[in-house]
Structure formats: structure tokens, C-alpha cells
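*Asks:* For the sequence shown, counting from 1, position 21 maps to 21 in UniProt numbering; every step adds exactly one.
Heads up, the beta-carbon is just placed ideally off N, CA and C, and yes, glycines get one too.
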Amino acid sequence: MINANTVLKLAVQKSGRLHDDSMKLLKECGIDITNGVNKLKSEASNFPLEVFFLRDDDIPQYIEDAVADIGFVGENVVYEKNKNVQVEHKLGFGKCRLSIAVDKNETYDGVQYLQGKRIATSYPLILNDFLQKNNVTAEIHEISGSVEIAPGIGLAHAICDLVSSGSTLFMNGLKEAETILQSQAVLIRNKDLDEAQQTILDKLLFRIQAVKKAKN
Ligand code: PRT
Ligand code: ZN
Numbered sequence: 001m002i003n004a005n006t007v008l009k010l011a012v013q014k015s016g017r018l019h020d021d022s023m024k025l026l027k028e029c030g031i032d033i034t035n036g037v038n039k040l041k042s043e044a045s046n047f048p049l050e051v052f053f054l055r056d057d058d059i060p061q062y063i064e065d066a067v068a069d070i071g072f073v074g075e076n077v078v079y080e081k082n083k084n085v086q087v088e089h090k091l092g093f094g095k096c097r098l099s100i101a102v103d104k105n106e107t108y109d110g111v112q113y114l115q116g117k118r119i120a121t122s123y124p125l126i127l128n129d130f131l132q133k134n135n136v137t138a139e140i141h142e143i144s145g146s147v148e149i150a151p152g153i154g155l156a157h158a159i160c161d162l163v164s165s166g167s168t169l170f171m172n173g174l175k176e177a178e179t180i181l182q183s184q185a186v187l188i189r190n191k192d193l194d195e196a197q198q199t200i201l202d203k204l205l206f207r208i209q210a211v212k213k214a215k216n
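1) Roughly how many angstroms separate the alpha carbons of Leu98 and Asp32, rounded to a whole number?
2) Secondary structure at Gln198, three-state DSSP: helix, strand or coil?
3) Could you work out which residue in Thr179, Leu174 and Gly16 is closest to Val102 when comparing CA atoms only?
4) Just to check, is the beta-carbon of Val51 closer than 7 Å to a non-hydrogen atom of ligand 1?
5) Taking all protein chains shown into account, do 16 or more other C-beta atoms lie within 10 angstroms of the C-beta of Ile200, making it buried, or fewer, making it exposed?
6) What are the start and end residues of the alpha helix (DSSP H) that includes His19?
7) Along the chain, where does the beta strand (DSSP E) that runs through Lys9 open and close?
8) For Met1, which three-state DSSP category applies?
9) Keeping to the same chain, check which residues put their C-beta closer than 8 Å to that of Asn76; ignore five residues upstream and five downstream.
10) Please determine whether the Cβ atom of Arg17 lies at a distance below 7 Å from any heavy atom of ligand 2.
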């Protein structure tokens, strides 16, 4: 029997680029969340959903550990964290790409350019996969922020970072050389939801798909 008291726990970014679109999507799905930005969690008043507000980097781990059941997070974070979670649905917002960029005056003539170079990034795992697939040996220098300044201060020959408009690269005298991942926000889930949780997730997915259809 399905437990009528079951509530699905959704993790969303507490603040940052994905927060507003995540909350907007819930609203478009007809789900009322009483404001909870300064709280850790908030419950929907008209749907069996509880929303947890977290740093995006922590979301895959929380889902793997079943602290939350589902989450809205960028594919870039999902693949970099490499946790045991399942990507269920692409959400259509938070679009960006993970790209390798070099000094705008460099002649970039293909991935072999990167051989023996030092590349600064916050995405060492995804970058390492890309380099291996392309038989390139390069030094990956992991930094957590302001990756785009690394070439200018002599820390690296190239960077691997998220790009959307391209203006950050431009302002730092860099040019995009290689796109290694196209990313957008996705709904990820714990792999072992019980029947009651699955039923709620199916209802939510049905509404998300209806919202998407209405926009097309
Ligand atoms: O605090 P928390 O850890 O939760 O947030 P965060 O600072 O790690 O992430 P945040 O809010 O910056 O980004 C959240 C997610 O938004 C990312 O993981 C991506 O999935 C998505 N996203 C979409 C982006 C961008 N577009 C983006 N442009 N994330 C970051 N950027 C940055 C990029 O790193 C670079 O510094 O924006 C700059 C480039 O933008 P353009 O427009 O100048 O090219
Ligand atoms: Zn983050």
C-alpha cells in the first residue's frame, strides 16, 4: 500500500545561478513553496514535496546518501562529482558549456596543442577524461574559483571552465578552443526510491513535462 504520509525530498541550489529557475519551475508546476531561502528546508503546501536548500556541489552526495530523494543540479556538477545517482530528466535551464580556452593570440590547431601544457580548472575529473580520450598528457592544476585569471598570472597555459555568453573569456584575453561538455540543469534521483516516492516523482515529472510542452 502507498503511504499517504510520504513526502519527496527535493534538493535545490540555495543561492546562485540555478536557484531562481528551480523555484520558478516548481511554481509553474503549481507547487507552492512558502519562502525558505534563509532556511535549510521548506515544505510545499499543496504537493507532497519538501525542498532542501543546499550548495550545488553537495547535491549529488546528498542524493546518493538518500538525505534527499531528488535534486535539480547542473550536468557539469553531476559528472564531476561522479556519485551513484541517476539523471532522470533535462530541465532546459542553466545552459552552459565546459570549454578549454587559451590566450587569444595563441594558434590553437587541435587537442595536441595541449600536450605537456598546464591547464587550470575546477573540473579535474571531466577534463582528465577528455584528455585521456584524446591521448593528450597535460598537467591539470585544480583551482576552486577565478579560473579565468590563471593564464594572465602565469599559473597555466590554458583553462577549462564553464562558458555561457563568452564575455568572461573575452575580458580576460582568452578564446574558446575546445568544448568538452554541453550542460544544463537536470533532475537527478536516488536509485532506490520506494513505491510511494516513485509515485510522487512520476506526478512531478508529469507536471514538469506539461510545463515544457506549454512553452513549445
Ligand atoms: O554556492 P554554490 O556552490 O551553490 O554555487 P556556485 O558558485 O558553485 O555555482 P553558480 O551559482 O555560479 O552556478 C551554478 C550552475 O549554473 C553551474 O554549475 C552551471 O551548471 C550553471 N551555469 C550556467 C553556470 C554558468 N551558466 C556560468 N556562466 N555556472 C557558472 N558560470 C560562470 C563561469 O564559471 C564563468 O566564471 O560564469 C562565467 C562565464 O560566464 P560568461 O557568460 O561570461 O561566459
Ligand atoms: Zn558550487
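*Replies:* Taking the structure as given:
1) 34 Å
2) helix
3) Among Thr179, Leu174 and Gly16, the Cα nearest to that of Val102 belongs to Leu174.
4) no
5) Label assigned to Ile200: buried.
6) His19 to Glu28
7) According to the DSSP assignment, Lys9 belongs to the beta strand (DSSP E) that extends over Leu8 to Gln13.
8) Annotation note: pLDDT 45 at Met1 (below 50); position unreliable, coordinate value reported separately. Under the three-state reduction of DSSP output, Met1 falls in the coil class, being neither helix nor strand.
9) The residues are Cys96, Leu98, Tyr123, Ile126, Leu162, Leu181 and Ser183.
10) no
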